[in-house]
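**Student:** From first to last, the protein sequence lines stand for chains A and B.
Residues 398 to 634 (the working numbering) are what the first sequence spells out, left to right.
Residues 8 to 193 (the working numbering) are what the second sequence spells out, left to right.
We put the CB at the ideal spot given by N, CA and C, even for glycine.
Could you have a look at this structure, given as structure tokens, before my questions?
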Amino acid sequence: MSDDIRDKVMLMIEKRGVMMRPRWHFILLSALAAAGALILIVALLYVISLAFFFLREGGMLYTPAFGGRGWFELLRSAPLLLIVLVAIFALILEILVRRYSFAYRAPLTMSLGGILLLVFVGGFVLAQTSFHRSMEFAAHRGHLPPPVGFLYGQTFRPPRPDDMHRGVIITQSTGGFVMVDADGDGTSTVELTPQTRLPYGEDFAPGDMVIVIGDPVGTDTIRAFGVRTMENRPDTQ
Amino acid sequence: MAETDEQVALAVQGGATNRFGELVERYEAKLMRYARKFLLDPEDAQDIVQDIFIKAYENLQSFDATRRFSPWIYRIAHNEFVNALKKRESRRTVFTIDFDTLFPHLQAADTADSAALERDTRETLEKHLDKLDPKYREPLILYYLESMDYREIADILHIPVSTVGVRLARARAMLQKQAKGQTMYE
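In structure tokens, the structure reads:
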């Protein structure tokens, strides 16, 4: 029986044209997989940094300073579409690298977790640069190709919670301040109470951009639960 | 001194096609034993082993001769066997999502069994292997019958090394349970 297998295999190789695939075939496959993995890593970095950029621009990234309610505001304004994209890209990346020993030797949660941690840190760092601001600027002027420009539209932008307001202070008084809404919704009077959370103190002044969490009192007044300054943007000053 | 598998494979990669027969000779008995124990059906084992060698020949240029040949060909064999089981049990899923591979385990690394324990396990294995799920049957075969270490088994099954330890421990426990059950009826 042993000789039988050997003879049959050698017969198929020598007489029936079973061919050895050339080395370049495997090199090409590996190169394609590596290129695919690289593209996915770049895409993940891009999408995660875009999510951080949107959250920071919308003010949601500043709310955890207000405690539990602030964390809740951040969670409910999470950019779900971008998170779904991240999950899809990360899964495809895991499948692509799973055939390599560095990936399959680690438990799935660790290799996937490692990938996500790396791209999260990378994405956060990228979001601190002016890259997305420049891209957004170019997208609004129609200077980017449609798929990239579309990313900076409203579809992927997380909605800001109703009780969250963003604006530039124009006048300040003892009991609060008046601000111009950053989204062009007119002016609002912000009322500070002894319970208002000011994580960095009352360190704001006219001209500062602030984020306010609070409920409306009357038509144009907000009783502030928390107030803190935001990084001023050149185009909103 | 006889050439190593890796040296023969390198020669075949370099154009000495006829020397592939040497690799077939070295591995056919091992792969036939692996097939019989894993598939539990000697009928199509020979055809499947033949296919394994053909696949190995077709993909030989992907083999890195600086690494060991044995885990490489066993990996091909594992894939072929799993496909054969899937075909045979088309209505049942042979391997589903494996939670053992999801999380890290604190399982001890490759530990040598005592001679007595190993002898007992081998005896129980021969009697009750067919009663185990393929997921647990396969690491037992590779560890006890093919004398592979944890790392080699991990490379063949593409699972974490700690998962190999977990599966072997569970498989041994299952074997003991089977053996006890039989003793009670005897």
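On the three-state DSSP scale, how would you describe Y153(B)?
**Tutor:** Residue mapping note: residue 153(B) aligns to position 146 of the second sequence, counting from 1. The sequence shown places Glu at residue 153(B), rather than the Tyr named in the question. Of the three classes helix, strand and coil, the one that applies to E153(B) here is coil, per DSSP.
**Student:** Any beta-carbon of chain B closer than 8 Å to the one on K405(A)?
**Tutor:** Position 8 of the first sequence, counted from the first residue, corresponds to residue 405(A). Closer than 8 Å: yes.
**Student:** Do you know offhand how far L182(B)'s Cα is from L149(B)'s?
**Tutor:** Counting from 1 along the second sequence, the entry for residue 182(B) is found at position 175. Counting from 1 along the second sequence, the entry for residue 149(B) is found at position 142. Approximately 16 Å between the Cα atoms of the pair.
**Student:** Given a cut-off of 8 Å, decide if Y501(A) and R166(B) are closer than it, judged by their beta-carbon atoms.
**Tutor:** Residue numbering aside, residue 166(B) sits at position 159 when the second sequence is read from its first letter. Residue numbering aside, residue 501(A) sits at position 104 when the first sequence is read from its first letter. First, the amino acid is wrong: residue 166(B) is Ile here, not Arg. Cβ atoms of I166(B) and Y501(A): closer than 8 Å.
**Student:** Report the rounded CA-to-CA distance for G433(A) versus P542(A), giving the unit in angstroms.
**Tutor:** Taking the first sequence and counting its residues from 1, the one referred to as residue 433(A) is at position 36. Taking the first sequence and counting its residues from 1, the one referred to as residue 542(A) is at position 145. G433(A) and P542(A): Cα-Cα distance of roughly 22 Å.
**Student:** Can you tell me which residues form a DSSP beta bridge with A621(A)?
**Tutor:** Within the first sequence, residue 621(A) is the residue found at index 224, counting from 1. Answer is G611(A), bridged to A621(A).
**Student:** Give the straight-line distance between the Cα atoms of T526(A) and L513(A), rounded to the nearest whole angstrom.
**Tutor:** In the first sequence, residue 526(A) corresponds to position 129, counting from 1. In the first sequence, residue 513(A) corresponds to position 116, counting from 1. Distance between the alpha carbons of T526(A) and L513(A) is about 20 Å.
**Student:** Closer than 8 Å, CB to CB, is F423(A) near chain B or not?
**Tutor:** Taking the first sequence and counting its residues from 1, the one referred to as residue 423(A) is at position 26. It does: the Cβ of F423(A) has a partner Cβ on chain B nearer than 8 Å.
**Student:** My guess is that D617(A) and T586(A) are in contact by the Cβ rule of under 8 Å, so how many angstroms apart are they, rounded?
**Tutor:** Your numbering for residue 617(A) matches position 220 in the first sequence. Your numbering for residue 586(A) matches position 189 in the first sequence. The Cβ separation is near 6 Å, so the contact holds.
**Student:** Please report the distance separating the alpha-carbon of I436(A) from that of L548(A).
**Tutor:** If you number the first sequence from 1, residue 436(A) lands on position 39. If you number the first sequence from 1, residue 548(A) lands on position 151. Roughly 17 Å separates the two Cα atoms.
**Student:** What's the C-alpha gap between I402(A) and L425(A)?
**Tutor:** By 1-based counting over the first sequence, the position of residue 402(A) is 5. By 1-based counting over the first sequence, the position of residue 425(A) is 28. So the alpha carbons of these two residues sit roughly 32 Å apart.
**Student:** Give me the subset of the region 414–438 of chain A whose CB atoms are less than 8 Å from a CB atom of chain B, sorted by chain position.
**Tutor:** Those would be V415, M416, M417, R418, P419, R420, H422, F423, in chain order.
**Student:** What number of angstroms, rounded off, separates the C-alpha of V101(B) from the C-alpha of L92(B)?
**Tutor:** For this step, residue 101(B) is matched to residue 94 along the second sequence. For this step, residue 92(B) is matched to residue 85 along the second sequence. Because the pLDDT of V101(B) is 49, which lies under 50, any placement of that residue in the model is unreliable, and the number read from its coordinates should be weighed accordingly. Rounded to the nearest angstrom, the two C-alpha atoms are 7 Å apart.
**Student:** Please specify which runs of the alpha helix (DSSP H), each continuous and at least 4 residues long, are wholly inside the region 38–84 of chain B, giving them in chain order.
**Tutor:** Complete alpha helix (DSSP H) runs here, min 4: 52–65.
**Student:** Does V31(B) come within less than 8 Å of chain A when only Cβ atoms are used?
**Tutor:** Taking the second sequence and counting its residues from 1, one reaches residue 31(B) at position 24. Taking Cβ atoms only, chain A reaches closer than 8 Å to V31(B), which makes this a yes.
**Student:** From the DSSP output, which residues share a beta bridge with V444(A)?
**Tutor:** Counted from its first residue, the first sequence places residue 444(A) at position 47. Answer is none; V444(A) lacks a bridge partner.
**Student:** When the Cα of Y143(B) is compared with those of W79(B), P78(B), V31(B), F45(B), which residue comes out closest?
**Tutor:** As a first step, residue 143(B) must be located in the second sequence, where it is residue number 136. Checking every option, the nearest Cα to that of Y143(B) belongs to F45(B).
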